[in-house]
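Here the structure is laid out as structure tokens; the discussion comes afterwards.
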Amino acid sequence: MTLKTTPLFAAHEKLGATFTDFNGWNMPLKYSSEMTEHKAVRQAVGIFDLSHMGEVFLSGPDAVKGLNTALAGDFSKMSVGRAKYTVMLTEDGTILDDLIVYRLGEDRYLMVPNAGNAPAVAEAVVARTEGMDLTVDDATADLSLVGIQGPKAADVVAALGEDFAEAAASLTNYRVTEILVNGNDWIVARTGYTGEDGFEIITPNADIAGLWEQIFSLDIGVEITPCGLASRDSLRLEAGMPLYGNELSTERTPFEAGMGRIVSFEKPENFVGRAALEPQREQTPQQVLIGLTSDQRRAARSGSEIVVDGQTVGVITSGIPSPTLSKPVALGYIDAAHADVDTEVSVDIRGKALPFIITKPPFYSR
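Under the numbering used here, read the sequence shown as residues 43 to 408, first letter to last.
Right, here's the structure in full:
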């Protein structure tokens, strides 16, 4: 199978990137080292090519009704310029995708699903809003996305021009605006997936190489570091953020994933998955998502078994040696009876039972 590439592929090659197959995309894994890139985001600023992510627009008089039917969140009181984290569910109440919805105008919204799920999300929205007065436009193939993440992210955005400086100064967390550049609307949002301050800029494909070059030509008195998916994963894990395919899947419900708060049962729309989840509202899930840390040095990895008193009671979904905390951190699912914070468990790492303790994520917060 031929891997898809983003419009920035040549720029990544020029920077000496190591590539990896990520959901059918040939994406930069790292440029220098994961540790260097991770620390750059925690201490200064890192730049990510996220053009593999989806962009699906929904517009029209029934836009809110459509979102409230297709997704689990409530968008009826969401003001223009706001962003909202939500999930799309299956009929069984499990997680089809987690995504961010941006309200760009009175009847105009943008959904940004995960790369591997973008086609399914677009198709599901079309099917779930049939007969409504709205339009669904999957623009994934036409748009690119760059993430600017770290404590100096606002300095980078401000240096891109007067309108960007205004956006950097005025946008607070989970806010979005549009800026006209060369006759095209660019979307600028104060969002990210690293646990740091950050911005994400969406442009037409033809504009993204120019933006990338401009960013790396800036002289703002701080090093601007290109970052790959390896550091993005370690950053999000330290911040306790779930990854679709690891913590989230069609095998897990929002209640198991600790995301029940973002499911709105109060809205009038009969959203997909509601009937399956309604009876579970007052029940404790059999398993729940938890964080784990350890004072020993070996990191748990996805698939490692969590053991209590010789019995397997759960599984690790993500694990790393934390570059910031200098100790192993992990996320995993465990039987609810053993999920209390500070519970001591063992994790089977290559045949050895190593001690971990249950911790409430995030492991790191700025």
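We put the CB at the ideal spot given by N, CA and C, even for glycine.
Fully enclosed alpha helix (DSSP H) runs of no fewer than 4 residues occupy 160-170, 195-200, 204-212 of the region 156-238, in order along the chain. Note on geometry: alpha-carbon atoms of G282 and G102 lie some 36 Å from one another. Counting along the chain, no beta strand (DSSP E) covers E298, and no H or E run does either. Rounded to the nearest whole angstrom, the CA to CA distance from A209 to D179 is 26 Å. Here the C-alpha atom of T267 lies approximately 45 Å from the C-alpha atom of M174. A contact between stretches requires three or more CB pairs, one per stretch, nearer than 8 Å, and the region 131-145 meets this requirement with the region 285-292. In the DSSP annotation of this structure, the continuous segment of the alpha helix (DSSP H) that includes L271 starts and ends at 271-280. Annotation for Q256: the continuous alpha helix (DSSP H) segment containing it runs 247-259. With three or more CB-CB distances shorter than 8 Å, the region 189-208 counts as touching the region 219-234. According to the DSSP assignment, A125 belongs to the beta strand (DSSP E) that extends over 125-131.
Listed in chain order, the non-local C-beta contacts of A207 below 8 Å within the same chain comprise V199, A200, A201, local neighbours out to five positions each way being set aside. Non-local beta-carbon contacts of E311 in its own chain, meaning distances under 6 Å to residues more than five positions away in sequence, involve N110, T111 in chain order. Around the beta carbon of G352, a 10 Å sphere encloses fewer than 16 other beta carbons of the protein chains shown; the residue is thus reported as exposed. When DSSP reads this structure, Q353 sits in a beta bridge with V350. Per DSSP, the unbroken beta strand (DSSP E) holding N68 starts and ends at 67-72. Here the alpha carbon of R343 sits roughly 25 Å from the alpha carbon of R408. With distances taken between CA atoms, T335 lies nearest to F398 out of T171, P284, F398. DSSP lists S101, G147 as the beta-bridge partner residues of R150. Looking at Y73, T354, I190, the one whose alpha-carbon comes closest to that of V230 is I190. V383 is classed as exposed because its beta carbon has fewer than 16 other beta carbons within 10 Å across all chains shown. Measuring C-alpha to C-alpha distances from E79 to each of P404, A59, W67 identifies A59 as the nearest.
Exclusion of the five residues before and after L396 leaves S336, Q338, R340, S388, V389 as the residues of its chain whose Cβ lies within less than 7 Å of its Cβ. Residue nearest to L141 within the set Y127, F51, P363 is Y127 (criterion: CA-CA distance).
Your pair L279 and V371 checks out as a contact, with CB atoms roughly 6 Å apart and the cut at 8 Å. Judged by pairs of C-beta atoms under 8 Å, the region 112-125 touches the region 145-157, as three or more such pairs exist.
The criterion of a C-beta distance shorter than 8 Å is not satisfied by P321 and A299.
Annotated three-state conformation of E265 is coil, per DSSP.
Residue environment analysis places R84 among the buried positions, since at least 16 neighbouring C-beta atoms fall within 10 angstroms of its C-beta. Residue pairing by DSSP puts P363 in a beta bridge opposite P370.
Around the beta carbon of G192, 16 or more other beta carbons lie within 10 angstroms, which makes this residue buried. Rounded to whole angstroms, the separation of the alpha carbons of A105 and S276 is 36 Å. Within the same chain, G123, R232 come within 6 Å of R217 by CB-CB distance, once the 5 residues on both sides are set aside. Ranked by Cα distance from L187, the first of D261, T44, G252 is G252.
With a contact defined as Cβ atoms closer than 8 Å, D239 and A211 miss out at about 13 Å. With a minimum length of 3 residues, the unbroken runs of beta strand (DSSP E) contained wholly in the region 304-350 fall at 329-335, 347-350. When only Cα atoms are considered, S259 and I391 end up about 45 Å apart.
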